[in-house]
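These protein sequence lines are chains A and B, in that order.
Everything in the first sequence is counted per the working numbering, starting at 215 for the first residue and increasing by one.
Everything in the second sequence is counted per the working numbering, starting at 215 for the first residue and increasing by one.
C-beta atoms are modelled at their ideal positions from N, C-alpha and C, and glycine is treated no differently.
Here the structure is a predicted model, which is why all the values come from computation and not from measurement.
Take a look at the structure set out below.
Number of protein chains: 2
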Amino acid sequence: MLKDDIFTGMITLTEENYLKALYRLSLETEEISVKDIADSLDIKMSTVNSMIKRLAEKKLLRYEKYKAIELTEKGKKMALHILRKHRLTELFLSKVMGLGWEEVHDIAEQIEHIQSDLFFDRIDEMLGHPKFDPHGEPIPDANGKLPVFKATQLSEGVINKKYKLTGVLNHETAFLKFLDSVGLSIGSVIVIKDIQDFDRSMSVLLNNKSKTIFSQTVCENLLVV
Amino acid sequence: MLKDDIFTGMITLTEENYLKALYRLSLETEEISVKDIADSLDIKMSTVNSMIKRLAEKKLLRYEKYKAIELTEKGKKMALHILRKHRLTELFLSKVMGLGWEEVHDIAEQIEHIQSDLFFDRIDEMLGHPKFDPHGEPIPDANGKLPVFKATQLSEGVINKKYKLTGVLNHETAFLKFLDSVGLSIGSVIVIKDIQDFDRSMSVLLNNKSKTIFSQTVCENLLVV
DNA sequence: TTAAATTGTTAGATTAGTCTAACTTTTTAG
DNA sequence: CTAAAAAGTTAGACTAATCTAACAATTTAA
């Protein structure tokens, strides 16, 4: 029974949280330090120090005294798996269960640790295998691979190309209500018909039906792919 | 920080599992012993012994050396709260997410520990505030109160009374398919029109529409209220 | 370039949850 | 009624995850 988990690849909830933090940090900084992790998880450096030694033994990261910390491929894959579960859960709570976007994060932090492929695959299916969460962040697929493209702002778009709405950067009620009022929701098709040079506003065609004008601010807050 | 949880009423996942086991055992036996708990959770008696001392300190159960163990009102309330979350989750996984009844239990064992009233209240709402799970077991309400009546078997029913299907005792695919084929699902209305003395089969009216005959076996497996 | 500040490491303690082993009390069967 | 079996208890050890406190290495700035 001792050190069973090294053989089974089993991982504790706490270890999952370290991996997730490690992955997030790897996107933000070149070199991940013990302090970065301690700050991001709000625990002491000494605690981090002992934990990374354990994770290194499990081959989830590479670590040498006083050097920067790096996830291994195995560690990265596990982190992406948790991230996938987190993002799918957030989308599910919001789209299927109708919870507010500000409410879903804390619940998703708990549900992301549920061990059941069945459960998350079904969520994925019910959501139509989404590639991005409403923040525009990519959702890793079941194999832990990230989509190559990240969603971009509509304000970066070009005329006459078909875009699909995948998320928004502004989550205020007022903005979401505005989107509602023009008939926009995740998955809507947007085609830019014209761009006004003087104020960067755009004439757009929505879902091949209604035509309207979006200000630069609106365009910057719409994530498309 | 020391003994914080005694003040906050916070409870660990493990403690929740003890409470749940205690409650289940209290329905099965008069006197709950250390051994009962050890067997039901598959841990050693010595472990149970130390844990019940902790739970007693937290006023979740009453314990004296060599005496039977009893949940306090507070402990019972917490146990019912977990039970509510478990049963609501099972129903949700099955009815909303379309998972098979054999698959939902293990997932529900994990999700029942999620801390979020919002989440479970929303599930409750989406399910239409169900009073019974598909096993016919009552679901405690948000205040931890159990419905007074437990579902009974249709085979115990009387002629011309309106019954509502709340669950089944047999969860085999074949039986569930049969129910499907006659148009029965949770919530369906059943009225017994006649009972045959010689084989205890019943002529029944379903949803005020179709009339059919159920064998005694079928009636015994239908839970109604 | 060296002293101060920051960051990292180690040692040792604590708590939750578990175990084994030794011992005690209660229950049960002859 | 008593001896054996079953159940219960205690003591002591272990792991995971955390902490504090002391000390070491590295980085930064005067």
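**Message:** Once DSSP output is grouped into helix, strand and coil, what is the label at Asn417 (chain A)?
**Reply:** With the sequence shown as reference, residue 417 (chain A) is identified as Ser, and Asn is not the correct amino acid for it. Looking at Ser417 (chain A) - three-state DSSP - the assignment turns out to be strand.
**Asked** Would you call Ser424 (chain B) buried or exposed, if buried means 16 or more other Cβ atoms sit within 10 Å of its Cβ?
**Response** Exposed: under 16 other Cβ atoms inside 10 Å.
**Message:** So, for Ala322 (chain B): in the same chain, excluding its five sequence neighbours on each side, which residues have a beta-carbon less than 7 Å away from its beta-carbon?
**Reply:** His300, Thr303, Glu304 and Leu307.
**Request:** State buried or exposed for Leu216 (chain A), treating a residue as buried only when at least 16 other CB atoms are found within 10 Å of its CB.
**Result:** With a pLDDT of only 35 at Leu216 (chain A), under 50, the local geometry of the prediction cannot be trusted, and the value read off the model is given with reservation. The residue in question, Leu216 (chain A), is exposed, as its Cβ has fewer than 16 Cβ neighbours within 10 Å.
**Request:** Using a Cβ-Cβ cut-off of 8 Å, state whether Lys217 (chain A) counts as contacting chain B.
**Result:** Residue confidence is low: Lys217 (chain A) scores 42 on pLDDT, short of 50, so the model does not pin down where it sits. No coordinate-derived value is stated.
**Item:** Cβ neighbour criterion (16 or more within 10 Å) applied to Pro352 (chain A)
**Value:** By the neighbour-count rule (16 or more Cβ atoms within 10 Å), Pro352 (chain A) is buried.
**Message:** For Ser399 (chain A) and Arg276 (chain A), what's the separation of their Cα atoms in angstroms?
**Reply:** Taking the straight line joining both Cα atoms gives about 43 Å.
**Asked** Grouping DSSP H, G and I as helix and E and B as strand, with all else coil, what is Leu216 (chain A)?
**Response** Confidence in Leu216 (chain A) is poor, its pLDDT being 35 and thus under 50, which makes the residue's placement unreliable; the coordinate value appears in the next sentence. In the displayed model, Leu216 (chain A) falls within coil according to three-state DSSP, outside both helix and strand.
**Item:** Cβ of Phe333 (chain A) within 8 Å of any chain B Cβ
**Value:** Nearest CB-CB separation between Phe333 (chain A) and chain B: below the 8 Å threshold.
**Request:** Please go through the region 228 to 261 of chain B and give each complete alpha helix (DSSP H) segment of 4 or more residues, from N-terminal end onward.
**Result:** Correct list: 248 to 255.
**Lys272 (chain A) versus A:Ser417, A:Trp315, A:Leu233 and A:Phe392, residue with shortest Cα-Cα distance** = The shortest Cα separation from Lys272 (chain A) among A:Ser417, A:Trp315, A:Leu233 and A:Phe392 belongs to A:Leu233.
**Prompt:** Got a sec, what are the start and stop residues for the alpha helix (DSSP H) Phe428 (chain A) sits in?
**Reply:** Phe428 (chain A) -> not in any alpha helix (DSSP H); beta strand (DSSP E) instead, spanning Ser424 to Phe428.
**Prompt:** Are any of the Cβ atoms in chain A nearer than 8 Å to that of Ser330 (chain B)?
**Reply:** Yes, because at least one Cβ of chain A sits closer than 8 Å to the Cβ of Ser330 (chain B).
**Request:** Would you mind telling me which residues of chain B sit closer than 7 Å to Met224 (chain A), beta carbon to beta carbon, in chain order?
**Result:** In chain order: nothing, as chain B lies at least about 14 Å away.
**Prompt:** Going straight from the alpha carbon of Ile325 (chain B) to that of Gly381 (chain B), what length do you get?
**Reply:** Distance between the alpha carbons of Ile325 (chain B) and Gly381 (chain B) is about 22 Å.
**Prompt:** According to the neighbour-count rule (16 or more other Cβ atoms, all chains shown, within 10 Å of its Cβ), is His327 (chain A) buried or exposed?
**Reply:** His327 (chain A) counts as buried, since no fewer than 16 other beta carbons sit within 10 angstroms of its beta carbon.
**Item:** Nearest-angstrom Cα separation, counted from Glu339 (chain A) out to Asp394 (chain B)
**Value:** Using only the alpha carbons, I get a separation of about 24 Å.
**Prompt:** What residues from chain A crowd round Glu316 (chain B), counting only those whose CB sits closer than 7 Å?
**Reply:** Neighbours of Glu316 (chain B) in chain A, taken as residues at a C-beta separation under 7 Å, are lacking, since the least C-beta distance is about 11 Å.
**Asked** Is the beta carbon of Val372 (chain B) sitting closer than 8 Å to the one on Ile427 (chain B)?
**Response** Not in contact: Val372 (chain B) and Ile427 (chain B) (Cβ atoms no closer than 8 Å).
**Prompt:** Taking buried to mean at least 16 other C-beta atoms within 10 Å of its own C-beta, is Pro348 (chain B) buried or exposed?
**Reply:** For Pro348 (chain B), the number of other beta carbons within 10 angstroms of its own is at least 16, and it is reported as buried.
**Request:** Measure the alpha-carbon distance for Tyr237 (chain B) versus Ile409 (chain B) and round it to whole angstroms.
**Result:** A direct Cα-Cα distance of roughly 38 Å separates Tyr237 (chain B) from Ile409 (chain B).
**Asked** Listing by chain order, which chain A residues have their CB less than 7 Å from the CB of Leu313 (chain B)?
**Response** Within chain A, the residues near Leu313 (chain B) are Leu332 and Arg336.
**Request:** Just confirm the distance between the C-beta atoms of Leu332 (chain B) and Leu313 (chain A), as a whole number of angstroms; I'd bet it's less than 8 Å.
**Result:** Right, the Cβ-Cβ distance comes to about 7 Å (below 8 Å), so this counts as a contact.
**Request:** Tell me whether the beta-carbon of Ser223 (chain A) lies closer than 8 Å to the beta-carbon of Lys291 (chain A).
**Result:** The sequence as given places Gly at residue 223 (chain A); Ser does not occur at that position. For Gly223 (chain A) and Lys291 (chain A), no; Cβs fall outside 8 Å.
**Prompt:** When the distance is taken between beta carbons, is Phe389 (chain B) closer than 8 Å to Asn435 (chain B)?
**Reply:** Yes, the pair counts as a contact, with Cβ atoms nearer than the cut-off.
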